[in-house]
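Asker: Positions in the sequence shown are counted from 1; adding 495 to them yields our numbering.
Sharing a structure below in structure tokens format, with a few things to ask.
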Amino acid sequence: MQSLLGIDIGSHSIKLIEINEEKGVRTLVAAGSMPTPQKSTTSIDSGIDATSYIIKQLVRETGAKSDQVNIALPEAQVFTRVIEVPQLSSKELNSAIQWEAEQYIPLPLDQVNLDFTVLQDAKTTGTGKMQVLLVAAPKALIERYMTIIELSDLTPIAAETEIIASARAIGTSVVNLKNYMIVSIGAQTTDMSIIHNGILIFTRSISAGGEALTRALSQSLDFNASQAEEYKKTYGLNKDVLEGKLVISMEPIMATIINEMKRAIAFFGERHTNERIEAVIVNGGSSKLPGIVSYIAQAVNIETQTANPWVGITKEARFAVLDSEGPMFAVAVGLSLRR
């Protein structure tokens, strides 16, 4: 089976992963990351040439072999929702989805690409209703990403949300868990999802991430941006540094993230009264901040760990440096694993 490139264009960095899968054996072929060109993700029309140039560099420097790409769409710009509808035939469901989409999607349907996946039928849910994952992406956004890939001399195969890709990558490391939450803390957003019996049942994206933590430090402690970033990366949520002022400065941002997590956990509890979230899996660039895993675990009172997307993937010694970078590459790994 031909390998595929997974390319994750984040607001802070662009990640590339190539995984070959043959006879059930997954092997890492290429991996790398480079900074995202400034302003390349702040609007749909900006940064196309600069981004494609960086991707060309990544392909060349990593020695990637495939020219076929799966790409991730930024969660904050895509509308994702798990909905419940009565048990319907395929034809009836297609019609019903159009009506449901109009209720949930804040854009005219002729401006979006609409897709849906039946997660569970009515017999499985036991409620008489099907669970359906509804995803809608602005056509202009998809066109922009397709153009970036084509200008990179690559062939776009599929596009999916960051949450779906990261869930695929992380799933191999949590096979013993029935219910868990994935929290991806990126530069500009934090994306959350809940997996129940291997099925994605909840998604949420909020505008709070690593850059907001840096700004909070800068404003509270009168640091310049680079100094604030360095302190954040070095000391993280360590209460023993600067008499705890670092943590105090970042707590309002962390509180926003924690409160949304608690709402999601409560949502799950209301619908699954005899079950609980067994673990929180943290990924994204900011998941590497010192102390953030224990901070989250204490705040939500649930076992918390960093994501390890490398489980089940064979890596040569030259890729050993990536062992600690797993949380940052989870989306790209999930994209490369999509078949």
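Every residue, glycine too, gets a C-beta built ideally from N, C-alpha and C.
A quick note: this is a predicted structure, and the numbers were derived from the prediction, not measured.
Residue 822 lies in the alpha helix (DSSP H); which residues open and close that run?
Answerer: Along the sequence shown, one-based indexing puts residue 822 at 327. Counting along the chain, the alpha helix (DSSP H) containing residue 822 begins and ends at 821–832.
Asker: Please give the ranges of any beta strand (DSSP E) in the region 662–733, keeping only runs that are unbroken, at least 3 residues long and fully inside the region.
Answerer: 674–680, 685–691, 694–701
Asker: Opposite residue 565 in the DSSP bridges: which residues?
Answerer: Along the sequence shown, one-based indexing puts residue 565 at 70. Beta-bridge pairing by DSSP links residue 565 to 501, 653.
Asker: Could you pull the start and end residues of the alpha helix (DSSP H) that residue 757 belongs to?
Answerer: Looking up residue 757 in the sequence shown gives position 262. Taken as a continuous stretch (DSSP letters only), the alpha helix (DSSP H) holding residue 757 covers 740–766.
Asker: Who pairs with residue 515 in a beta bridge, going by DSSP?
Answerer: To locate residue 515, count along the sequence shown from 1; it is residue 20. In the DSSP output, where bridge partners are listed per residue, residue 515 has 522.
Asker: Below 8 Å, can you find three or more Cβ-Cβ pairs linking the region 674–694 to the region 772–791?
Answerer: yes
Asker: Assign residue 766 to buried or exposed, taking buried as 16 or more other Cβ atoms, counted over all protein chains shown, within 10 Å of its Cβ.
Answerer: Here residue 766 corresponds to residue number 271 of the sequence shown, with the count starting at 1. Label assigned to residue 766: exposed.
Asker: Drop a sphere of 10 angstroms on the beta-carbon of residue 663, count the other beta-carbons inside from all chains shown, and report buried for 16 or more, exposed for fewer.
Answerer: Counting from one through the sequence shown, the residue named residue 663 turns up at place 168. Result: buried.
Asker: So residue 729 and residue 703 are supposed to be a Cβ contact under 8 Å. How far apart are they, rounded?
Answerer: In the sequence shown, residue 729 corresponds to position 234, counting from 1. In the sequence shown, residue 703 corresponds to position 208, counting from 1. Not quite, the Cβ-Cβ distance comes to about 21 Å (not below 8 Å), so this is no contact.
Asker: Looking only at DSSP bridge pairs, what is residue 576 linked to?
Answerer: Within the sequence shown, the letter at position 81 stands for residue 576. Bridge partners of residue 576: 629.
Asker: Assign residue 557 to one of three DSSP states: helix, strand, or coil.
Answerer: For the purposes of this step, residue 557 is taken as residue 62 along the sequence shown, with counting starting at 1. DSSP places residue 557 in helix when its eight states are reduced to three.
Asker: Below 6 Å CB to CB, which residues in the same chain sit around residue 826 once its five sequence neighbours on both sides are set aside?
Answerer: Numbered from its first residue, the sequence shown carries residue 826 at position 331. Contacts found: 503, 567, 657, 660, 661.
Asker: Figure out for me which residue from 832, 808, 731, 831 has the closest Cα to the Cα of residue 788.
Answerer: Within the sequence shown, the letter at position 293 stands for residue 788. Closest by alpha carbon: 731.
Asker: For residue 834, is the classification buried or exposed, using 16 other Cβ atoms within 10 angstroms of its Cβ as the cut-off for buried?
Answerer: Taking the sequence shown and counting its residues from 1, one reaches residue 834 at position 339. By the neighbour-count rule (16 or more Cβ atoms within 10 Å), residue 834 is not buried but exposed.
Asker: Near residue 687, what residues of its chain come up, given a Cβ to Cβ distance below 6 Å and the 5 sequence neighbours on each side ignored?
Answerer: Counted from its first residue, the sequence shown places residue 687 at position 192. 678, 699, 759.
Asker: Residue 532 and residue 512: beta carbons closer than 8 Å?
Answerer: Locating residue 532 in the sequence shown gives position 37, where the first residue counts as 1. Locating residue 512 in the sequence shown gives position 17, where the first residue counts as 1. No; because the gap between Cβ atoms is not below 8 Å, this pair is not in contact.
Asker: Does the beta-carbon of residue 805 have 16 or more other beta-carbons within 10 angstroms, so that it is buried, or is it exposed?
Answerer: In the sequence shown, the residue the question calls residue 805 occupies position 310. Looking at its Cβ environment, which holds 16 or more other Cβ atoms inside 10 Å, residue 805 is buried.
Asker: Please work out which residues of its chain come closer than 8 Å, Cβ to Cβ, to residue 832, disregarding the five sequence neighbours upstream and downstream, and give them in chain order.
Answerer: As a position in the sequence shown, residue 832 is number 337, starting the count at 1. Same-chain partners within the cutoff: 501, 514, 516, 521, 663, 664.
Asker: Of the choices 763, 708, 762, whose alpha-carbon is the least far from that of residue 741?
Answerer: Taking the sequence shown and counting its residues from 1, one reaches residue 741 at position 246. It is 708 whose Cα lies nearest to the Cα of residue 741.
Asker: Per DSSP, what are the beta-bridge partners of residue 529 in this structure?
Answerer: Mapped onto the sequence shown, residue 529 falls at position 34. Bridge partners of residue 529: 509.
Asker: Rounded C-beta distance between residue 783 and residue 523? I'm assuming under 8 Å.
Answerer: Here the question's residue 783 lines up with position 288 in the sequence shown. Here the question's residue 523 lines up with position 28 in the sequence shown. Not quite, the Cβ-Cβ distance comes to about 20 Å (not below 8 Å), so this is no contact.
Asker: Among the candidates 587, 723, 651, whose CA atom is the shortest distance from the CA of residue 499?
Answerer: Mapped onto the sequence shown, residue 499 falls at position 4. Comparing Cα-Cα distances from residue 499 to each of 587, 723, 651, the minimum goes to 651.
Asker: What did DSSP end up calling residue 583 once you bin it into helix, strand or coil?
Answerer: As a position in the sequence shown, residue 583 is number 88, starting the count at 1. Coil.
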